[in-house]
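Residue numbers (numbering that gives the first Met the number 0), protein chains in the order written: chain A, 0 to 439; chain B, 0 to 439. Have a look at the structure below before the remarks.
Number of protein chains: 2
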Amino acid sequence: MQTLDWNSLDTKQQSAILERPALGDSAKLSALVSDIIHQVRTQGDQAIHQLTQKFDGLELDSLKVSQAEIDASEDELGDDIKQAIQLAKAQIERFHQAQVAPVIKVETSPGVVCELHTQPIESVGLYIPGGTAPLPSTVLMLATPARIAGCKRLVLATPPGKDGRIKAEIRYTAKICQIDEIYMVGGAQAIAALAYGTESIKKVLKIFGPGNSFVTEAKQQVSQDHKGASIDMPAGPSEVLVIADDTAKPEFVASDLLSQAEHGKDSQVILVTNSQAQAKACEAEVLRQVALLPRQEIAEGALSHSRIIITDSIEQSIEVSNEYAPEHLIVQTQDARALLPKLENAGSIFLGEFSPESAGDYASGTNHVLPTYGYTRTYSSLSLADFTKRYTVQELTAQGIQSIGPAIMNLAAAESLDAHKNAVAVRLQYLSQSNDGASS
Amino acid sequence: MQTLDWNSLDTKQQSAILERPALGDSAKLSALVSDIIHQVRTQGDQAIHQLTQKFDGLELDSLKVSQAEIDASEDELGDDIKQAIQLAKAQIERFHQAQVAPVIKVETSPGVVCELHTQPIESVGLYIPGGTAPLPSTVLMLATPARIAGCKRLVLATPPGKDGRIKAEIRYTAKICQIDEIYMVGGAQAIAALAYGTESIKKVLKIFGPGNSFVTEAKQQVSQDHKGASIDMPAGPSEVLVIADDTAKPEFVASDLLSQAEHGKDSQVILVTNSQAQAKACEAEVLRQVALLPRQEIAEGALSHSRIIITDSIEQSIEVSNEYAPEHLIVQTQDARALLPKLENAGSIFLGEFSPESAGDYASGTNHVLPTYGYTRTYSSLSLADFTKRYTVQELTAQGIQSIGPAIMNLAAAESLDAHKNAVAVRLQYLSQSNDGASS
């Protein structure tokens, strides 16, 4: 990790060291993904089977995971992991259940009632990446809010392993989350199938979940087509920023930095501290701990473009964090909570020495699907709201339209929209005639 | 308007008549807009001035509207319109103020506190289209929630009129909404300037507001670039669907259909009714009223691809509406409110005979920026939430990490993420040593 003194840098250099690592050749990726989507749209299941053979080296009889295969997961797993999954599920449920939005109803003027309601998105696709390890935690993070929101159809897609099966942890988690359908398909072809449908996979309205660059690009592409599907949020490499003062325990800080670094070589890890001694101690601890990790090579890859930034105060450390806009922000300082009102642009904040990032990744109850790559400036942490849509309702009485009608007519006239004005005029005229009739 | 009997159509025909009108040549538009964005990014203000000369035929000394020019609007407008704008502002404020989200705080397990907070998006760009008439209502719909949310910088961009000035209604509304900066620039070049900044226009983080196809395409393009800006929602032509039974007043229904039709030739207008007699009466009223409109030609253009659909029941009328997923849904039936729980996929719903669409367009208090073109299935009506972002906070005590720590370690092990497991292990080990120390 490179150590830099923030105050020895000029503004340009400061911006430069907070830059995200550049992504790969996007034009080439875009063309490849566009071609895969086209194949799936025109040839359906046949294309999925061909692409699965090409990318996963597998010939599958059926894309759909059978109920028997799902049920078998119960016997394939030990009690420890099943109980851990259940505990995490209960935690995530408690936090997301509390996010159910009440109807907001306001009488803005006598006889003018305005309401804000939410409704579940009818069908959702949950993408779970493949790779060397199963990710049951991501199933929990996507399926739990979808169920609480009341989505009618939950469809999970994930690439099969080399044995042509889905890992038991994924099947088990999907089962207890009452996922309706599980398909063995990964990559851009999975996103295309979810967005447009095939003979065996019915289309969904919105797609959630992380993935590699093909998955991310495919999500972007289908979200740009109104016949495709909406998506949760744009994605980029994962990242953490830790603010530490001289009271932080280097062993804890290092373990948190490495939790992020082991995700991938493109992960970014930043420590910001107002203590030179702390910077040195944390770096030494990182070097000690990384050597013990099975994923040492990946973590070292991430560390090679990661940074320790030394500031002259906690306030300046906060400024650096607010400018960087991290996905995960860990605050290990004296009275971390007191800093909360000053923290901006973070996806999820971890306060104090006993709140490691891995708590939020698995079981505190917060969602681990978060905006990355600077998107925390405008995008939200995944939450119940993402599985619903808001809409408004208004109901005016005769008194209501009589009260605000003249203002509407004035505004419509100013905008030269005569039919808008007329829609009020015919009603006011009707009411005035009714009143005349009543009084005669 | 074409009248169709829903039950005489097969499923394919039913889907076909609910199709949105196709949009123009997107590849050509995309290239044109991409070029404009490139010009603005590389040449800044100079490009803006050149493009303003090209598209608006104007040579402007300054892009920024002066404070004197803003203040002058007070004297240029009559009391009637100023009061109407103030009334609408107060209505919109009341409804959006009620949307302020409380912090959600849940102790998911003893010692594990999870919170959901919101924070304003720091800087927002509000685009107000030009054209023949000023649109002060759109200024209200964008600036009011931005102010309530607490956005620090509100920047308005709108094309100047032929006289090189912004209409007084826009300047006045911007003034009373405390907009910080107003720039005379329209089209794709305005979106590029807001997203990337120029010498005289500082970049914003998120761009809101409607516009023509150039604006819409530019918003899409800048939202795909992480150095660009986020946007409110995808856009398409505006639309209304009216559900009416035989109790509806044809004069009211027709006035609402025409309110939508006068927006543009690409607007779509649909009447769904279970009454043959109502269908005929409404059509006759539409023909009578449209002939009286100054924007008759535009309205007739919209009507040419609009439809009256006859169903055999109110329930079936609702099914048609739910499938179409309209931006605006007007319900003029006996006891309209009783139907509300069955209505799906609508951006804004207008209940009963005294709730015309123009009430929501101007002054009921609801927002008139709504998802169109079928996007109501997954996107939300513009609301306070769009000017903020949600983020989570978690704080664990020693008891908290001891309680959920073992489950986290189990899950991390199942996902082969040893550093994640270790971040908990070092803390549990520390606590166990502290306890040993305390008890020795």
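Idealized CB from N, CA, C, for every residue including glycine. As the structure is a computational prediction, the values presented were derived from the model and not from experiment.
Original post:
Is residue 247 of chain B helix, strand or coil when you go by DSSP?
Top reply: Residue state, collapsed to three classes: coil.
Subject >> Cβ pair residue 119 of chain A, residue 149 of chain A closer than 8 Å >> reply: yes
Original post:
Cβ of residue 395 of chain A less than 8 Å from any chain B Cβ?
Top reply: yes
Subject >> Beta carbon proximity, residue 16 of chain A to chain B, threshold 8 Å >> reply: It does not; no Cβ of chain B falls within 8 Å.
Original post:
How many Å lie between residue 431 of chain A and residue 425 of chain A at the Cα?
Top reply: Going from the Cα of residue 431 of chain A to the Cα of residue 425 of chain A covers about 10 Å.
Original post:
Quick one: is residue 326 of chain B buried, meaning 16 or more other Cβ sit within 10 Å of its Cβ, or exposed?
Top reply: By the 10 Å Cβ count, residue 326 of chain B comes out buried.
Subject >> Cβ shell of residue 8 of chain B (< 8 Å), same chain only, five flanking positions each side left out >> reply: 16
Subject >> Per-residue contacts from residue 415 of chain A into chain B (C-beta, under 8 Å) >> reply: 131, 132, 293, 294
**OP:** Quick one: list the residues of chain A neighbouring residue 93 of chain B, beta-carbon separation under 9 Å, in chain order.
**Re:** Around residue 93 of chain B, the beta-carbon contacts reaching into chain A at under 9 Å are 105, 106, 107, 108, 113.
Original post:
When the cut-off is 8 Å and only beta carbons count, does residue 434 of chain A lie next to chain B?
Top reply: no
**OP:** Only counting runs of 3 or more residues, tell me where the beta strand (DSSP E) segments fall wholly within the stretch 310-344 of chain A, in order along the chain.
**Re:** 327-331
Subject >> Under the three-state DSSP convention, the category residue 438 of chain A falls into >> reply: Confidence in residue 438 of chain A is poor, its pLDDT being 48 and thus under 50, which makes the residue's placement unreliable; the coordinate value appears in the next sentence. The answer is helix: DSSP assigns residue 438 of chain A an H, G or I state.
Original post:
Quick one: Cα of residue 50 of chain B to Cα of residue 138 of chain B, how far?
Top reply: 24 Å
Original post:
Nearest chain A C-beta to residue 194 of chain B closer than 8 Å, yes or no?
Top reply: No, because no Cβ of chain A sits closer than 8 Å to the Cβ of residue 194 of chain B.
Original post:
Which residues in the same chain have their Cβ closer than 7 Å to the Cβ of residue 210 of chain A, if we skip the five residues on either side of it in sequence?
Top reply: 126, 128
Subject >> Closest Cα partner of residue 291 of chain B within the set B:175, B:202, B:108, B:253 >> reply: The residue with the shortest Cα to Cα distance from residue 291 of chain B is B:253.
Subject >> Contacting residues, own chain, Cβ-Cβ under 8 Å from residue 173 of chain A (five flanking each side not counted) >> reply: 69, 138, 142, 155, 181
Subject >> Exposure label - residue 293 of chain B; buried when at least 16 CB within 10 Å >> reply: Using a 10 angstroms sphere on the CB of residue 293 of chain B, the tally of other CB atoms stays under 16, which defines it as exposed.
**OP:** Scan the stretch 181-207 of chain B for residues whose Cβ lies nearer than 9 Å to a Cβ of chain C and list them as they occur along the chain.
**Re:** Chain labels in this structure do not include chain C; the protein chains are A and B.
**OP:** Pick out whichever of B:65, B:179, B:103, B:168 has its Cα sitting closest to the Cα of residue 121 of chain B.
**Re:** B:179
**OP:** Determine, using beta carbons only, whether residue 211 of chain A comes closer than 8 Å to chain B.
**Re:** no
**OP:** With 8 Å as the threshold, decide whether the Cβ of residue 354 of chain A is near any Cβ in chain B.
**Re:** yes
Original post:
In angstroms, rounded to a whole number, what distance separates the CA positions of residue 87 of chain B and residue 247 of chain B?
Top reply: Distance between the alpha carbons of residue 87 of chain B and residue 247 of chain B is about 27 Å.
Original post:
Roughly how many angstroms lie between the CA atoms of residue 364 of chain B and residue 94 of chain B, to the nearest whole one?
Top reply: 5 Å
Original post:
Which runs of the beta strand (DSSP E), 3 residues or longer, sit entirely within the stretch 200-267 of chain A?
Top reply: 205-207, 238-243
Subject >> 8 Å contact criterion, which residue 28 of chain B and residue 216 of chain B should meet: CB distance rounded >> reply: Contact holds; Cβ gap of about 5 Å.
Subject >> Close beta carbons around residue 440 of chain A, own chain, < 7 Å, minus the five adjacent residues each side >> reply: The requested residue 440 of chain A is not part of the displayed model; chain A covers only 0 to 439.
Original post:
Closest by CA to residue 208 of chain A, which one among A:229, A:196, A:202, A:195?
Top reply: A:229
Original post:
By the 10 Å Cβ neighbour count, where 16 or more other Cβ atoms means buried, how is residue 249 of chain B classified, buried or exposed?
Top reply: Note on residue 249 of chain B: 16 or more other CB atoms within 10 angstroms of its CB, so buried under the neighbour-count rule.
Subject >> C-beta atoms of residue 403 of chain A and residue 197 of chain A nearer than 8 Å >> reply: no
Subject >> Option nearest residue 314 of chain B by Cα separation, candidates B:420, B:91, B:307, B:337 >> reply: B:337
Subject >> Within 8 Å of chain B by C-beta, residues of the stretch 135-146 of chain A in sequence order >> reply: Listed by position, the residues of the stretch 135-146 of chain A near chain B (Cβ gap below 8 Å) are 135, 136.
Subject >> Of the residues B:352, B:385, B:401, the one placed nearest residue 123 of chain B, counting alpha carbons only >> reply: B:385
Subject >> Residue closest to residue 375 of chain B, alpha-carbon to alpha-carbon, out of B:234, B:219, B:222 >> reply: B:234
**OP:** Would you kindly report the start and end of the unbroken beta strand (DSSP E) that includes residue 175 of chain B?
**Re:** Run containing residue 175 of chain B: none in the beta strand (DSSP E); it sits in the alpha helix (DSSP H), 167-175.
Subject >> 8 Å Cβ cutoff, residue 245 of chain A in contact with chain B >> reply: no
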